[in-house]
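In our numbering, the protein residues as written are 816 to 927.
Glycine included, every Cβ here is placed at the ideal spot set by N, Cα and C.
Okay, structure first, notes after.
Have a look at this one:
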């Protein structure tokens with residue numbers, strides 16, 4: 816039994832078409848750069864402490880790969896930006912939670 820490849824909804828195809836047109840004109844409506852993402856996460860949460868900066872180099876590498884290798888459509892860029900932003904916001908919230916409740920680190924973690 817063979818299946819036909821699924822077709823993207825019309826709205827998504829239209830959005831991606833618009834993205835290709837903007838890209839051809841040298842415009843990129845969804846920016847995937849670290850500083851913009853970090854600032855958006857700060858703005859969205861009202862927090863600014865990301866904790867240890869050991870995540871910045873891997874983030875830069877991921878963003879570089881998205882730019883050079885992923886060939887993302889406009890919808891793909893929007894989804895990637897949303898996922899990255901949510902991850903950065905969660906990092907801010909977790910760092911804040913551990914700062915407010917350092918005793919969390921002392922809680923034993925038992926295997927289920």
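By a beta-carbon distance limit of 8 angstroms, residue 907 contacts residue 860. Their separation comes to about 5 angstroms.
At least 8 angstroms separates the beta-carbon of residue 855 from that of residue 889. Taking all protein chains in view, the Cβ of residue 847 is crowded by 16 or more other Cβ atoms within 10 Å, so the residue is classified as buried. The three-state secondary structure of residue 845, taken from DSSP, is coil. If you look at residue 823, you'll find it isn't in any alpha helix (DSSP H); DSSP assigns it neither H nor E.
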